[in-house]
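Taking it in order: structure first as structure tokens, then the write-up.
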Amino acid sequence: MSYRVGVDIGGTFTDLCAFDETTNDLFTLKVLSTPDRPGSEVMEGLRQLEARYGVAPSRITYFTHGTTVGVNTVIQRKGIRLCLFVTENFVDVLEVARLKMPDPYDLRSRPPVPLIPKDRVLPIRERMRSDGLIDTPLDEASVLTALAAARALGAEGVVVALINSYRNSAHEHRVKAIAAKAAPGLPVFCSTDVWSVIREYERTITAVIHGYVQPRVAHYLGSLQDALRGAGVPAPAMVTKSNGGVMSAELGKTACAQMILSGTAAGVIGASYVAGLSGFPKTMSLDVGGTSADVAFIENGTPQYGVGEMIGEFPIHIPTVAVTSIGAGGGSIAWVDPLGVLKVGPESAGSNPGPACYGRGGTRATITDAFAVLGYLGSGELGYSAIRVDVDKARQAVGAVAQQTGLELVACAEAIVRIAVSGMYMEVSKLVSRYGVDPRDYALQAFGGAGPMMACFLAREIGMRNVVVPTTPGVLSALGGLIADIKSDFIATVFLDLDDAARAGIRDTYATLERDALRWLREDQGYAGEHSFVHSADMRYQGQSHEIETMFDGGTIQRGDVGAMAQAFHNRHAQVYDHADPEAPVQIINLRLVVIGRSAKPTFTATREDKRAATPGETRRVVLDGAARDVPVFARTDLTAGQFFESPAIVTQSDCTTCIPAGFSGRVDAYGNLILTLEAGGA
Amino acid sequence: MPIDRVTLQILANHCGAATESMAQTLYRTAHSTFVKETEDFTTGLATPDGKTFASPYDLGATWFVGLDYGRAFKLVDRYEEGDICMTNDPYSGFVCTHSPDVHMWKPIFHDGKLVCFAVGHIHNTDVGGAVPASLSRANVEVHQEGIRVPPVKLYKRGVLNKEVLDIMLLNVRMREQNWGDLKAEIAAMNTGERKVHEMVRRFGVDVFRDGMTGLLDYAESQARALIRKIPNGEYFFADYMDEDSVNGFPCRIAVNLIVKDDELVFDYSESDPQLTSSLNMPTGGDVRHVLLMIPVMYVLYTMDPSILLNCGLMRPVSCILPEGSILNPRFPAAVGMRTLCCIRQQSTVFGAFAQALPDVVPAACGDGGPLINIRTMDTRTGRRVMANLDPITGGGGALPERDGTEGAGMNFGFFKNTPVEINEAEVPVKIVRYGLACDTGGAGRWRGGSGTTLEFEVSAPDSVVTARNRDRIRFTPWGVAGGGAGKSSAFVRNPGRPDEVNLGNTDVVTAQPGDVIRITSAGAGGRGDPLDREPERVLTDVRCGFVSAAKAREEYGVVVRDGAIDDDATKALRSEMAGKRRNEGFGFSAGRIEFERVWTRPAYARLTALLRTLPVEWRFFVKHRVFEAIEKLSPASLTGTGAEVERAFREITARYPQLSGVVAAE
């Protein structure tokens, strides 16, 4: 008997998921997170897994873990004291960044305070040219001067990011070597080792975030490894990565930049998997937590990837599952402006104190409180008994807002929901237009604590026909970790005009990337199974300022078929931007390679669908579209494959509540997913 | 029927979704790099009489929010479903403000009745005319600024008007790119139409119609509530451009802001006459023209970022704009470089608000650094290259509680730079330096933000560097409450070499291989007495390279030795300096103080009043002659009352018999 266990640590809850490899049973669990003692929630979770489900630590043969420790280090500004070494005459790379203000309409808008203040940015005399040749040789004395200054400034680490190093990293690595001798023990992070990409600000900030969190993350992972060993878990810990893959925790200690969005990405991987099971090739995932909602688009089981995701106030430029955070969560606060107009968000009660109805000290009305007032959230337990809903507290909080608007309590609660949903609609509309997709082709997959609560309302607003609620919507990130493959990204900036002359360079560079990738997979990762490669390149038409990633098949690369590469780019360009210019010269900026080692996956078995009407456990009085009515409440555990029901209805389960307004028909698919379909004219 | 406020907020979100979707569609499908990089486009929804009631916040230019399309809409005869109209003529309906901006509008119908319009514009890189990119300060009439299309149907009942399109594309330098960008704009119009149809289906046409009015009314109420927080009174301010034409005289924009309860009046009567250069701002005398309202929108938004950005916001605001003045030029004045005029009008209005709302409005931001464009050649490949290098922005002005933002911000907060590595990979230049310029931010209790500097070496013969919107050498960004002015901008060839040339406010320079061009924007104004700045903060500035040790001593009275403060020397120096100077109000540059000794407010008042008696075409000419006459007088002999101005004016006009009988009474 053996178990695969996935753990994901969020702001409020830590989610656990245990898959029994013998019986194919899936056990889930939530415990409260302990941000001040990171790691102890994992131990608590393991204890409960054993106590409730008999999952003995000694039987855990695979363990994956997603953590926010990196993100929190940046947000709370608790990273190490860094110095930044840069090419002289370019010392303001962090201060100037890309100029644009966070809110360009606000005269007082300001950029975030840099993670490394200017007086800890030190110049190095050297200069690399954009073709990789040396313009000014490295002045080693300037390195020693900078190191002495760094020591005097109390630096706990140094980030080295030199102009054009993406083309030739020799100077960066020489600086590191000099530092190893002159200042042994001082951690030095080269920008080209973190993610060697063109654009000095983007490469530098990525390296800075990496260096800033690395010792904290390494320490955290070390204590987790110790704790797991102490608990008798035989499996080596794996961590989920921002790219939707996993790697060993041991590697994670030095590759922090790659795991900084681990939990978010794992959620989308989980959603992609569920999308495959439920048979919706196009899915928009909606992960609604306390503070924000994360939206991702999935096609044929694969999420979109991107770079430039925000870590707190800073962008990180490594390949990441493309997730857009929109500022609406279950904890978004309702308020009234001086003219009496009701607003929801962007301020949030977050996870602490959280909605008033959580009874953890919150007093201001949130979206969750509005749902409680409307009757959707009974006085029951949420989050595996970690929290009880106190409807009276919700009524008090919403009542205060109602008074300012002149609305009745219940009308006010409904107005809060409608305004919140219209705000989410606006944000999703932007994304839909940005990606140029038709939302009516997409199913909405809702997870996170508040996703299933809001999903049907949003789907109705957007015109999405189907809503999918996975069996374990509260712990999908933890499940995603169990499904994720071992995966790493490699990049080489080549900046080539795509013509016959480029053929050899492209082939050679890919050969080098493949060698590096296999070394990572076999030696660093110790993986012996089958591997696969995904080849792609960041390309553009000459004169464009943005690249788009274009995929190639392996044959194209082996043949060095530049014509096919150009054609792939034209096709991709047309797909993304609605136009292409087959006559225009094409440039390849970066060659990229993903290496994948398949991990053994839990296998979920389809149950025969027994088509019959579901029986509600109880009815609850709920206000819906302006009228109070009795609504059937189904317990998720009672719903079996093939059962169906009509809305309005409520489905409760231990980690969330699904609210289904009129106009939907519900059914349970062969894998236990709840499929809610908007009937024609139901909008 | 007034719409209930819950529905209003929901409708506001849906209208936001419509305009944001339009903007995302346009941005995604636009062809030119210029549009992608500068986001110089807008999208919106307008009522049948042209009032923009919804605009995007996330994407697009921040300068055209709440545009009134009314006059342009009326220039098209009859609207039918499927029409898309366009114009890029600055003088037809006054929605377009220079020829590269192609505005479009699409009527949206429900059951055969007009509901509203989708509207927007896109800045085409070039629309033909005398110079590439169509814009030059040297242009003197709008005919030189490229092809102009009056309001016309580009699509008539869904059918493309190919004749009009062909004429337009024949006259531009990069027809494929223009057509690509126009298609993106058309796609945005169609997105807007689809979104409005969705809203009409969801809310009903009556609710939607009431909603449009409701949103405008709501914004108006928000604006009035904010204006009520501004103390009643009159607030005068003037600011200058260094040159009113190539190597010309200073150009002054003056405003008297009158705040009365919940209304604002901006009286521009004392501003300069229209120019024989392309710096004029084409408002058509619209007292709420969007270009004039930009700084007002910034101030209201800064007071409360939750306001709706639409036409209704400006209902309580109006302007006084004499015809034939720089802010209300008469056809066919050139207007292509109106951006610089807008920048100066914005700083002028901020100066007035800085007196009314000292706790809200920062000191002047650093500007006068240009948008740098280079045309050169890659010697190895023989490829000709034309590229934007960077916008050279200044810092933000100092605030009541903090230093100004370094290198960027305020009304230039929408700009993005180009990475050094991208510039070097694409353009055959070597970037020698890019970053913040030391000692540029105005001194103060709170320091003005530093300007940025870019230095690059050219590698091919006869490379042409254009620097649009150069300014702020003589009249630099002002400080407030005793804070110092920002340091001058600079444009130099081969700095520190024997062949160094100060390029001043030149906007086109030819450079040869090995030439180094350095451009530094002005720094922003400071706030409060520099002697009140904590010595530790000054020391940090010195350590960070924002302020030199020499300036720390000279301007802040802080003596820094070997990286530490010399306490005793600092105390002594500060007490000595405290005795000498005190300035409570605006901090102006030495150049401005000197200029205003001659050109006092009364002298200017006389000049503008007298010039206004002349035919429009004569005003700029006579202004220059008056300036020349005053320059010849000894400064000591000037009274500052305007008497000398009047005398010079009379002498000059008497010289020209053509004027006899056509000079109007004052």
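Residue numbers (the working numbering), protein chains in the order written: chain A, 325 to 1007; chain B, 3 to 668. Using N, Cα and C, we set each Cβ at its ideal position, and we do this for glycine too.
- Judged by DSSP secondary structure, residue 648 of chain B falls within the alpha helix (DSSP H) whose first and last residues are 645 to 657.
- Nearest CB-CB separation between residue 20 of chain B and chain A: below the 9 Å threshold.
- DSSP assignment within the region 389 to 475 of chain B yields the following whole beta strand (DSSP E) runs of 3 residues or more, N-terminal first: 431 to 438, 454 to 460 and 465 to 470.
- With respect to chain A, the C-beta atom of residue 224 of chain B has a partner C-beta closer than 9 Å.
- When beta bridges are read from the DSSP output, residue 722 of chain A appears opposite no residue.
- Under the Cβ distance rule, residue 488 of chain A counts among the residues neighbouring chain B, one pair being separated by less than 9 Å.
- Considering only B:494, B:442 and B:63, the residue with the shortest C-alpha distance to residue 459 of chain B is B:494.
- Here residue 419 of chain A is buried. Its C-beta has 16 or more other C-beta atoms within 10 Å.
- Taking every protein chain shown into account, the CB of residue 206 of chain B has fewer than 16 other CB atoms within 10 angstroms, so this residue is exposed.
- Close CB contacts of residue 379 of chain A within its chain, under the 6 Å cut and outside five residues either way in sequence, are with 327, 342 and 373 (chain order).
- The continuous beta strand (DSSP E) containing residue 813 of chain A extends over residues 810 to 821.
- Residue pairing of residue 942 of chain A in beta bridges, as defined by DSSP: A:957.
- If you check the CB distance, residue 340 of chain A and residue 802 of chain A come in under 9 Å.
- Non-local C-beta neighbours of residue 396 of chain A in its own chain, meaning closer than 8 Å and more than five positions away in sequence, comprise 359 and 402, ordered along the chain.
- DSSP places residue 976 of chain A outside any alpha helix (DSSP H); the residue lies instead in the beta strand (DSSP E), whose first and last residues are 973 to 977.
- One thing to note: residue 620 of chain A has its Cβ within 9 Å of the Cβ of residue 595 of chain A.
- Within the same chain, and ignoring the five residues on either side of residue 608 of chain A in sequence, the residues whose Cβ sits closer than 6 Å to its Cβ are 621, 766 and 768.
- In this model, residue 625 of chain A and residue 494 of chain A are separated by some 40 Å (Cα to Cα).
- Considered as a whole, the region 362 to 423 of chain A harbours 364 to 377, 393 to 399 and 417 to 420 as its complete alpha helix (DSSP H) runs of no fewer than 4 residues, in chain order.
- Along the region 69 to 95 of chain B, the beta strand (DSSP E) occurs as fully enclosed runs of 3 or more residues at 86 to 89, listed in sequence order.
- In this structure, DSSP gives residue 844 of chain A a helical state, which the three-state scheme calls helix.
- What residue 26 of chain B touches in chain A, judged by beta-carbon distance under 7 Å, is 754, 757 and 758, going in chain order.
- For residue 998 of chain A, the secondary structure class from DSSP, reduced to helix, strand or coil, is strand.
- If you check the CB distance, residue 67 of chain B and residue 89 of chain B do not come in under 9 Å.
- In this chain, residue 106 of chain B is not harboured by any alpha helix (DSSP H); it is covered by the beta strand (DSSP E) spanning 103 to 112.
- Residue 282 of chain B sits in coil when the DSSP states are folded into three classes, being neither helix nor strand.
- Counting only runs of 4 or more residues that sit fully inside the region 520 to 570 of chain A, the alpha helix (DSSP H) segments are 524 to 555, in chain order.
- Taking the CA atoms as reference points, residue 510 of chain A sits about 29 Å from residue 552 of chain A.
- Exclusion of the five residues before and after residue 393 of chain B leaves 373 and 417 as the residues of its chain whose Cβ lies within less than 6 Å of its Cβ.
- A check of alpha carbon separations from residue 277 of chain B across B:626, B:635 and B:654 identifies B:626 as the nearest.
- Between the alpha carbons of residue 219 of chain B and residue 314 of chain B lies a gap of roughly 6 Å.
- For the set B:257, B:87, B:309 and B:381, the Cα lying nearest the Cα of residue 320 of chain B is the one of B:257.
- Counting the other CB atoms within 10 Å of its CB gives residue 870 of chain A a total below 16, which places it among the exposed residues.
- A straight line joining the alpha-carbon of residue 928 of chain A with that of residue 968 of chain A spans about 21 Å.
- Using a Cβ distance threshold of 9 Å, residue 893 of chain A and residue 861 of chain A count as a contacting pair.
- The criterion of a C-beta distance shorter than 9 Å is satisfied by residue 932 of chain A and residue 965 of chain A.
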